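Colleague: What follows is a single structure, and I will ask about it in a moment.
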Amino acid sequence: LTDPASYKLATDVERSIHMEANHLQVGGQTFSFEFSAMERQLIELGGITQAFQKHGKTLFQTMVKPPGPRVFNNSSDKATTLNDNRRC
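Going by the numbering used here, the sequence shown opens with residue 154, and the numbers climb by one from there.
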């Protein structure tokens, strides 16, 4: 949240968070917010504890890995592997 008014309003009033819409309602007013890509991934994994249970020591390398197809060309494997497991 970047709007200072949201913090002033948040004392002793009802608050609700709408994760899918990226909105926070505070005292009848609506404020927008954004998650970083890493924050969104952590939420989808169920939090940092569950993320570590799933990925272990490679958690942060996994989370910052760019999305999309990856092409590998290893000298021990002459084939190129695509993201959908096809081989060329």
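Even for Gly, the Cβ is constructed at its ideal location relative to N, Cα and C. In this text the structure is predicted, and so the values were computed from the model without any measurement.
1) For P157, tell me which candidate among H208, M191, S185 has the shortest Cα-Cα distance.
2) Q194 and M216 - do their beta-carbons sit closer together than 8 angstroms?
3) Is it buried or exposed for S159, if we count other Cβ within 10 angstroms and need 16 for buried?
4) If you drop the 5 nearest sequence neighbours on each side, which residues of the same chain put their C-beta closer than 8 angstroms to that of A176?
5) Cutting at 6 angstroms between CB atoms, please list the residues of its own chain near A163, excluding the five before and the five after it.
Modeller: Straight from the coordinates:
1) S185
2) yes
3) buried
4) Sequence inspection shows His at residue 176; the Ala mentioned does not correspond to that position. Excluding sequence neighbours, H176 sits near I170, T183, F184, S185, F186.
5) V179
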